[in-house]
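Visitor: Sharing a structure here in structure tokens format.
In my numbering, the protein residues as written are 1275 to 1439.
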């Protein structure tokens, strides 16, 4: 691998690491929403959060708690807005976490190979490949920035609602 190719790969790996850090940090804020919406303390909410082993399950729980009968719209709606925002951001994170990496021999660009089987009517498709070019790098950088903004926004809401910190 040439030095230029190594540099591109290193940039990608650092960005994916930052993406994962921001994701984990932001997803953990659901703990405070679970505590506040369920009327429990943070320790109990941590146990609930860790028992649910997917982001989708954690978001579903928060959304269902927010939608419970009698929940005021001024609590429900801002929470749903934030969980929906988080769900939209999860797709790119999943793309870069559930893949293996290789290199395009000609361009030197890293490639992702999705670690998922797509079942078709009569066959299966394995490992969709995508090139990680400058456009893809910019997309990851944008998602990291959006996660950072979402993190600050969720913290602000948690404090505004007086949920356990």
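A virtual CB, placed ideally from N, CA and C, is assigned to each residue, including glycine.
If you drop the 5 nearest sequence neighbours on each side, which residues of the same chain put their C-beta closer than 6 Å to that of residue 1294?
Guide: Same-chain partners within the cutoff: there are none.
Visitor: Terminal residues of the continuous alpha helix (DSSP H) containing residue 1314?
Guide: Run containing residue 1314: none; DSSP gives neither H nor E here.
Visitor: Is residue 1439 helix, strand or coil by DSSP?
Guide: In the structure shown, residue 1439 sits in coil (DSSP, three-state: anything other than H, G, I, E or B).
Visitor: Do you know offhand how far residue 1351's Cα is from residue 1383's?
Guide: Those two C-alpha atoms are separated by around 42 Å.
Visitor: Quick one: does the C-beta of residue 1368 sit closer than 7 Å to a heavy atom of the ligand FMN?
Guide: This structure simply doesn't include the ligand FMN, nor any ligand for that matter.
Visitor: Out of curiosity, what's the CA-to-CA distance linking residue 1340 and residue 1322?
Guide: Taking the straight line joining both Cα atoms gives about 16 Å.
Visitor: Helix, strand or coil for residue 1352 per DSSP?
Guide: Correct three-state label for residue 1352: helix.
Visitor: So, does the region 1280-1287 touch the region 1313-1322, judging by three or more C-beta pairs under 8 Å?
Guide: The region 1280-1287 vs the region 1313-1322: no contact.
Visitor: Please state whether DSSP places residue 1325 in a helix, a strand or coil.
Guide: If DSSP states are grouped into helix, strand and coil, residue 1325 belongs with the helices.
Visitor: What's the call for residue 1363, buried or exposed, on a 16-neighbour Cβ count within 10 Å?
Guide: That one is buried.
Visitor: With C-beta atoms as the reference, is residue 1369 less than 8 Å away from residue 1386?
Guide: Yes, they are a contact pair.
Visitor: Within the same chain, show all residues whose beta-carbon is closer than 7 Å to that of residue 1337, passing over the 5 residues directly before and after it, in chain order.
Guide: If we look at residue 1337 and ignore the five residues flanking it on each side, its Cβ neighbours are 1354 and 1357.
Visitor: Rounding to the nearest angstrom, what Cα-Cα distance links residue 1360 and residue 1434 in this structure?
Guide: Each residue's Cα considered, the two are about 19 Å apart.
Visitor: Could you check which residue in 1407, 1391 and 1310 has the C-alpha nearest to that of residue 1381?
Guide: With distances taken between Cα atoms, residue 1381 lies closest to 1407.
Visitor: Taking its Cβ as the centre, do 16 or more other Cβ atoms sit within 10 Å of residue 1324, making it buried, or is it exposed?
Guide: Exposed: under 16 other Cβ atoms inside 10 Å.
Visitor: Would you list the one or two residues that DSSP bridges to residue 1343?
Guide: DSSP lists no partner for residue 1343.
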